[in-house]
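Using my numbering, read the sequence shown as starting at 2 and increasing by one per residue.
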Amino acid sequence: MIVSNVSLSGCAGVNSALCAAAGERQLRGGSNRATLTPTGNLVVAVCLGFIGTLGLMNNLLVLVLFCRYKILRSPINLLLINISISDLLVCVLGTPFSFAASTQGRWLIGEGGCVWYGFANSLFGIVSLISLAVLSYERYSTMVAPTEADSSNYHKISLGITLSWVYSLVWTMPPLFGWSHYGPEGPGTTCSVDWTAKTANSISYIICLFVFCFIVPFLVIVFCYGKLLCAIRQVRKYGDGGRTPLNLQYLHKQV
């Protein structure tokens, strides 16, 4: 069985200070934390190693191709590069720590490292999601206002990229200043926002984070690509006889 429950029943005869610290950690989490067996940790470590290596290679390849081929350096592709950079930072600054922790079955770089890991992974993940929302909106705005589309306009895309990072910082910094907090999650080999805390402070942050960093971007993506899909169906229905207001050539180049 991969998962086994941690208990303090073996504290008798052991250093009381260590037992008290363990008990305090368990109370802070609200319940006894489940830990993986060595086999479970090995499976997680293999998966993390595979995902981290593949993500690192793929995102590096994207950056190399973007730098090498000038034809790829379009404004819209900058959003894709922004996503690749945020994913690459996760592979470099996040995955190695959780991989190492899984190989040892415990978190290895202390409380400060746990806070950094939770903050960094939350930041880069939200940047990717917001960038996808900005990308979908750019496609949508190209569809509804084709006469204003400018394939050489870097200003609007740069503004969208800046927005993705600022917006992400706005929602990932509050736990550093007391609105909820970052700490161990799951079996204790990764760190994130404390999802299990039952206090009003933590619950209010989790609700806001879920709404503004998941639901809102998700709805933007669904709406924009839904409209784009309807437009494509309209083009297929009426053909290419000039009866549609879409700038098809521009959309084709951008997609």
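By construction, the Cβ of each residue, glycine as well, lies at the ideal position given by its N, Cα and C atoms.
Just so we're clear, the structure is a prediction, and the values are computed from it rather than from any experiment.
Sub-7 Å separation of residue i and residue j beta-carbons
i	j	result
Trp-117	Gly-189	no
Leu-220	Ile-158	no
Val-212	Trp-166	no
Ser-137	Tyr-226	yes
Cys-192	Cys-115	yes
Leu-257	Thr-96	What the structure shows of the chain is the stretch from 2 to 256, and residue 257 is not part of that stretch, so it cannot be assessed.
Leu-124	Ser-169	yes
Ser-203	Asp-195	yes
Ser-132	Ala-46	no
Leu-64	Met-144	no
Reduced DSSP secondary structure (H/G/I, E/B, other) of residue i
i	result
Lys-238	helix
Gly-31	At Gly-31, the pLDDT of 39 sits below 50, so the modelled position is not reliable and the matter cannot be decided from this model.
Arg-74	coil
Tyr-141	helix
Tyr-206	helix
Ile-110	coil
Lys-199	coil
Gly-95	coil
Trp-172	helix
Thr-245	Unreliable positioning characterises Thr-245 in this predicted model, as indicated by a pLDDT of 48, which lies under 50. The coordinate reading is nonetheless provided below. In the structure shown, Thr-245 sits in coil (DSSP, three-state: anything other than H, G, I, E or B).
Asn-154	coil
Gly-24	Unreliable placement is indicated for Gly-24, whose pLDDT of 41 sits below 50; no coordinate value is reported for it.
Gly-119	helix
Trp-166	helix
Ser-159	helix
Ser-181	coil
Thr-148	Confidence at Thr-148 is low in this model, with a pLDDT of 48, below 50, so the placement of that residue is unreliable and no value is reported for it.
Leu-9	Low per-residue confidence applies at Leu-9: pLDDT is 35, beneath 50, and the placement is therefore not dependable enough to give any value.
Phe-100	helix
Closest Cα partner of residue i within the set the options
i	options	result
Leu-62	Gly-50, Phe-178 and Leu-81	Leu-81
His-182	Pro-97, Phe-120, Ile-233 and Thr-191	Phe-120
Asp-88	Asn-60, Glu-139, Leu-160 and Ile-222	Asn-60
Val-135	Pro-218, Tyr-155 and Thr-40	Pro-218
Pro-185	Leu-230, Pro-76 and Ile-110	Ile-110
Phe-215	Leu-55, Trp-172 and Leu-94	Trp-172
Leu-298	Leu-55, Leu-94, Thr-36 and Asn-83	Since the first residue of the chain shown is 2 and the last is 256, residue 298 is not available in this structure.
Ser-75	Glu-139, Asn-154 and Ile-208	Asn-154
Leu-164	Met-58, Leu-73, Leu-130 and Thr-197	Leu-130
Ala-232	Gly-179, Arg-140 and Ile-77	Arg-140
Leu-210	Cys-68, Glu-112, Gly-126 and Arg-237	Gly-126
Gly-41	Gly-187, Arg-234, Gly-179 and Phe-178	Gly-187
Leu-177	Ile-162, Ala-201 and Glu-112	Glu-112
Leu-94	Ile-72, Asn-122, Tyr-70 and Ile-162	Asn-122
Ile-162	Ala-198, Ile-77, Gln-235 and Lys-238	Ile-77
Beta-bridge pairing of residue i - partner residues as DSSP gives them
i	result
Thr-191	Glu-186
Residue i beta carbon near the ligand ADP (any heavy atom closer than 6 Å)
i	result
Ile-216	The ligand ADP is not part of this structure, which contains no ligands at all.
Beta-carbon separation (whole angstroms), residue i vs residue j, contact threshold 8 Å
i	j	result
Pro-39	Gly-106	7 Å
Gly-53	Phe-100	6 Å
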